[in-house]
Amino acid sequence: AKAQGKNRLVVYADGMAATARRRAELQQDLQVAVEGEQLAVHYQPTVRLSDGRTTGFEALVRWHHPLHGLVSPAEFIPLAEESGAITAIGRWVLHEAVAQGAAWSRETGEPLRMAVNLSPRQMADTDVTAEVRAALEASGFPAEQLTLEVTEGVLVRDVDRVVEQLEELRSFGVRVAIDDFGTGFSGLSYLRRLPADIIKIDRSFISDLPAGRSAATLIASIVELARTLGLDVVAEGVETDEQREVLRAMECGSAQGYFFSRPEPAGRAGARLGLAAGT
Ligand code: C2E
Ligand code: CA
Ligand code: CA
Ligand code: CA
């Protein structure tokens with residue numbers, strides 16, 4: 328038993344070393360990923376629950392690593408945050424996403440929304456306001472159709488600066504969404520500090536529906552809270568028709584999730600809008 332224990336320890340240590348090696352390797356490769364055209368943006372629709380219409384999309388970055396294949400953003404975004412590569416990646420995603428949003432809006436004649444994730448380091452290290460303005464100008468995408476998604480992680484850094492940046496963005500029409508709402512420590516207290524227009528209820532609450540009584544109660548109170556504060560609500564991670572129905576009955580405004588569509592490359596996402604592929 329002792330020997331076995333020892334073996335396991337060795338295996339574990341090997342596993343740790345392999346993980347560390349992979350992290351270091353990916354971190355290095357990330358530097359060239361942007362210039363090397365290894366990144367792509369996929370788009371997941373946001374659906375209005377009252378009538379089932381697609382009102383916009385969330386842009387989600389993908390990395391096609393030359394050796395490791397598809398690497399999840401859940402793995403590489405934190406690495407990019409650490410190394411600072413996130414600023415180049417984030418800028419690229421922003422430009423890509425608003426250009427796509429502008430094209431789709433033009434082609435459908437509808438004011439489609441586009442949501443882009445902003446990471447804490449990106450907000451700390453760059454002049455996000457200037458970058459957003461530049462991207463909007465370059466694409467002709469209206470500021471009113473852009474949503475920037477932030478998590479409470481942005482408050483770990485300079486709170487005053489973050490609030491100032493978000494206020495400035497909102498002053499020219501951009502909307503701010505609080506992502507992964509309900510997962511952090513602060514919850515309500517950061518709703519008070521962050522200027523926001525939209526709350527995105529974290530997937531962990533939705534996945535407990537419909538059976539999870541406390542999840543349902545929590546979601547209902549978040550929806551009610553949002554109504555009181557005049558905020559819109561988006562439920563994340565809706566995977567079943569039942570979940571959609573429960574949320575609709577609660578008068579939750581919008582939803583995203585595999586039930587409606589997975590995030591897809593621009594061509595396929597555009598086809599859902601009734602547009603010819605390749606646009
Ligand atoms: P997020 O912003 O909370 O995005 C939602 C994640 O949930 C996405 O994972 C999406 O594919 C996934 N998802 C959507 N619907 C469902 C569902 O019904 N079931 C399940 N199981 N999952 C669903 P993804 O694309 O792997 O992204 C993971 C995270 O990586 C994102 O979480 C976001 O924090 C980060 N991320 C992705 N793209 C970017 C980006 O361009 N910039 C920054 N800063 N972060 C990004
Ligand atoms: Ca998001
Ligand atoms: Ca989220
Ligand atoms: Ca998340």
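Note that full-length UniProt numbering gives residue 458 to position 131 of the sequence shown, counting from 1, and the numbers run on in steps of one. Here a beta-carbon is modelled for each residue, glycine too, at the ideal position from N, C-alpha and C.
- Closest in C-alpha terms to V374, from the list A603, A593, G594, S588, comes S588.
- Runs of the beta strand (DSSP E) spanning 3 or more residues and lying entirely within the region 554–594 occur at 559–562, in chain order.
- Sorting M577, D568, L518 by C-alpha distance to the C-alpha of A543 places M577 at the top.
- Relative to ligand 1, G480 has its C-beta separated by 7 Å or more from all heavy atoms.
- The C-beta separation of A523 from A547 comes to about 20 Å, leaving the pair out of contact by the 8 Å criterion.
- Residue I525 holds the alpha-carbon nearest to the alpha-carbon of T555 among D568, I525, V573.
- Secondary structure remark: continuous alpha helix (DSSP H) runs of at least 4 residues inside the region 487–564, in chain order: 515–520, 530–533, 540–556.
- Taking all protein chains in view, the Cβ of S581 is crowded by 16 or more other Cβ atoms within 10 Å, so the residue is classified as buried.
- The region 399–412 makes no contact with the region 591–602: fewer than 3 CB pairs, one atom from each, lie closer than 8 Å.
- Only residues of its own chain outside the window of five on either side were considered, and among them H369, Y370, Q371, L387 have a CB closer than 7 Å to the CB of P590, listed in chain order.
- Annotation for H392: L353, D356, A360, Q365, V398 place their beta carbon closer than 8 Å to its own, counting only its chain and skipping 5 residues before and after.
- Non-local beta-carbon contacts of S410 in its own chain, meaning distances under 6 Å to residues more than five positions away in sequence, involve Q354 in chain order.
- Leaving aside the five residues that flank S446 on each side, the residues in its chain whose CB is nearer than 7 Å to its CB run, in chain order, I404, E408, I413, G417.
- In chain order, V425, A426, G428, A429, S432, M441, A462 place their CB closer than 8 Å to the CB of F468, counting only its own chain and leaving out the 5 sequence neighbours on each side.
- When DSSP states are grouped into helix, strand and coil, V459 belongs to the helix group.
- Restricted to the region 363–400, the beta strand (DSSP E) segments that are unbroken, complete and at least 3 residues in length are 366–375, 381–392, 396–398, listed in chain order.
- Shown here, T435 sits in a helix according to DSSP, grouped into three states.
- Sixteen is the threshold: since fewer than 16 other Cβ atoms of the shown chains lie within 10 Å of the Cβ of A538, the residue is exposed.
- Measuring C-alpha to C-alpha distances from E437 to each of V490, E385, R380 identifies R380 as the nearest.
- Residue burial is scored here from C-beta neighbours: E476 has at least 16 other C-beta atoms within 10 angstroms and is therefore classed as buried.
- For A451, no beta strand (DSSP E) encloses it; the enclosing alpha helix (DSSP H) starts and ends at 447–452.
- Taking 8 Å as the cut-off, the beta carbon of F532 is found no closer than this to the beta carbon of V565.
- Where E476 is concerned, the enclosing beta strand (DSSP E) starts and stops at 473–477.
- With a cut-off of 7 Å, the C-beta of D559 is classified as distant from ligand 3, since no heavy atom of the ligand falls inside that distance.
- The C-alpha of W419 lies about 12 Å from the C-alpha of N444.
- For V489, the CB contacts under 6 Å within the same chain, skipping 5 residues up- and downstream, are M450, V481 in chain order.
- Relative to the Cα of D535, the nearest Cα in the group T382, E563, W390, L473 belongs to E563.
- Distance from the Cα of L394 is smallest, within the candidate group R571, R349, L552, L521, for R349.
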